[in-house]
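If you want the numbering used here, it's the 1-based position in the sequence shown plus 602. To start, the structure under review is shown below, and the notes come after it.
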Amino acid sequence: MIKEFIGHGLKGMAMGAANVIPGVSGGTIALITGIFERLINAIKSFDVTAFQLILKGNFKDFSKHTDLSFLVTLFAGIGVAILSLARILEFLFAQHPTYVWAYFFGLVLASVWFVGKSVGKWHYGSIISLIVGAAIAVSITVMTPASENGALWYLFICGIVAVCSMILPGLSGSFVLILMGNYQLVMIQAVNQFRLDILIPVIAGGAFGLMAFSRLLSWLMKRFPHSTIALLTGFIAGSLGILWPWKHELTETFGDKTKVIGYDWLWPQTDATFWFAVLLFLGGIATIYATELIARKKTE
603 MIKEFIGHGL KGMAMGAANV IPGVSGGTIA LITGIFERLI NAIKSFDVTA
653 FQLILKGNFK DFSKHTDLSF LVTLFAGIGV AILSLARILE FLFAQHPTYV
703 WAYFFGLVLA SVWFVGKSVG KWHYGSIISL IVGAAIAVSI TVMTPASENG
753 ALWYLFICGI VAVCSMILPG LSGSFVLILM GNYQLVMIQA VNQFRLDILI
803 PVIAGGAFGL MAFSRLLSWL MKRFPHSTIA LLTGFIAGSL GILWPWKHEL
853 TETFGDKTKV IGYDWLWPQT DATFWFAVLL FLGGIATIYA TELIARKKTE
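Here it is in structure tokens:
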């Protein structure tokens with residue numbers, strides 16, 4: 603039991619660290635580490651039954667119904683990573699961005715293979731899902747940001763889309779908000795000035811999106827397991843362009859913050875930096891391979 607808690611905490615830390623990486627979501631790490639479906643089902647379990655158990659004071663059954671110990675341990679790990687490990691990653695990104703990108707490129711590239719292997723049956727539906735997932739992820743990285751829109755209905759949709767993109771592997775919630783034109787309005791102005799007229803519809807949309815989308819994903823995983831995993835594999839594969847180590851970031855300033863809005867990809871020069879980046883790229887692949895070996899031994 604203790605080993606399981608530690609394992610979930612470490613996976614949560616990995617998810618938290620992923621949030622520091624522009625264009626990468628915690629959903630990618632959840633899928634890589636094999637807890638994606640459990641996370642979706644746990645989120646989905648916050649339903650009428652859970653509410654009734656709370657009202658009755660039946661906290662033991664509520665904890666069991668919502669898989670609460672798993673969620674608490676996981677989000678504790680995410681919190682620890684954001685407060686500690688994320689700062690290390692921020693420093694490394696500032697000083698050695700190519701090396702960090704190279705490691706994560708190897709990590710995610712290997713994940714495409716290992717997650718793709720978990721597709722039980724490749725048929726027309728799963729192949730089309732893979733292509734669609736990759737196409738969506740790629741198209742998001744090259745889209746031009748929209749104009750700012752403060753309409754209530756649009757803020758509500760922003761909340762839905764941002765939360766859904768955080769759950770989906772390969773998509774970044776903040777990056778999607780930039781594309782929708784409301785990053786500055788929501789994440790800078792509304793947060794700094796505590797503007798409830800903006801925050802409330804966004805939070806309401808996020809809560810609605812989280813509940814509805816987790817149910818949709820859970821249903822898809824049960825009804826179309828092969829095509830759904832293929833779709834998620836496509837999302838991960840499509841995010842590889844963001845992780846390419848050799849690129850120039852295209853940025854835009856929002857208030858006192860500068861955010862990445864796109865990339866100008868380059869072909870590397872074969873110097874010492876290149877070969878060290880290749881070594882880290884191989885290290886990323888080795889990390890996923892080692893994770894798979896450990897998981898396989900536990901299953902056996």
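Backbone N, C-alpha and C define an ideal beta-carbon position, used for all residues, glycine too.
Are the region 704–724 and the region 886–896 touching by the rule of at least three beta carbon pairs closer than 8 Å? yes
Using a Cβ-Cβ cutoff of less than 6 Å, which residues in the same chain neighbour D903 once the five nearest sequence positions on both sides are dropped? The question about residue 903 has no answer, for the chain in this structure spans 603 to 902.
DSSP three-state assignment for K849, whether helix, strand or coil: In the sequence shown, residue 849 corresponds to position 247, counting from 1. DSSP places K849 in strand when its eight states are reduced to three.
Out of A832, G840, D866, point me to the one whose CA is closest to V721's CA. For the purposes of this step, residue 721 is taken as the residue at position 119 of the sequence shown. Nearest C-alpha to V721: A832.
Would the region 788–797 and the region 836–844 be scored as touching if the rule is three or more Cβ pairs under 8 Å? By the Cβ criterion, the region 788–797 is not in contact with the region 836–844, since fewer than three pairs of Cβ atoms, one from each stretch, lie closer than 8 Å.
Can you look up D904 in the DSSP assignment and give me helix, strand or coil? One cannot answer for residue 904 here, as it falls past the ends of the chain, which runs 603 to 902.
Please confirm if the region 636–646 is in contact with the region 810–820, defined as three or more CB-CB distances below 8 Å between the two stretches. yes
Cα-Cα separation between G629 and A616, rounded to whole angstroms: Within the sequence shown, numbered from 1, the residue matching residue 629 stands at position 27. Within the sequence shown, numbered from 1, the residue matching residue 616 stands at position 14. In a straight line, the C-alpha of G629 is about 11 Å away from that of A616.
A696 burial status per 10 Å Cβ neighbour count (16 or more: buried): Counting from one through the sequence shown, the residue named residue 696 turns up at place 94. Burial call: exposed.
Given 8 Å, three or more beta-carbon pairs between the region 655–671 and the region 843–852: The count of Cβ pairs closer than 8 Å, one atom from the region 655–671 and one from the region 843–852, stays below three, leaving the stretches out of contact.
Do the region 675–684 and the region 800–811 touch if we need at least three Cβ pairs shorter than 8 Å? no
What residues in its chain sit with their C-beta under 6 Å from that of V765, if we drop five residues either side in the sequence? Reading the sequence shown from its first residue, position 163 is the one you call residue 765. Around V765: G808, G811, L812.
Contact check, P771 vs L633 under 8 Å by CB: the rounded distance? Along the sequence shown, one-based indexing puts residue 771 at 169. Along the sequence shown, one-based indexing puts residue 633 at 31. A Cβ-Cβ separation of about 5 Å places P771 in contact with L633 under the 8 Å criterion.
Residue range of the unbroken alpha helix (DSSP H) whose run includes R817: One-based indexing of the sequence shown puts residue 817 at position 215. Start and end: 798–825.
Assigned exposure category for F693 - 16 Cβ within 10 Å defines buried: Taking the first residue of the sequence shown as position 1, residue 693 is located at position 91. That one is exposed.
For the alpha helix (DSSP H) that contains L685, what are its first and last residues? Within the sequence shown, the letter at position 83 stands for residue 685. Per DSSP, L685 belongs to no alpha helix (DSSP H) and is neither H nor E.
Do you know whose CA, among G761, K824, E750, lies nearest A806's CA? Here the question's residue 806 lines up with position 204 in the sequence shown. The closest CA to that of A806, considering only G761, K824, E750, is found on G761.
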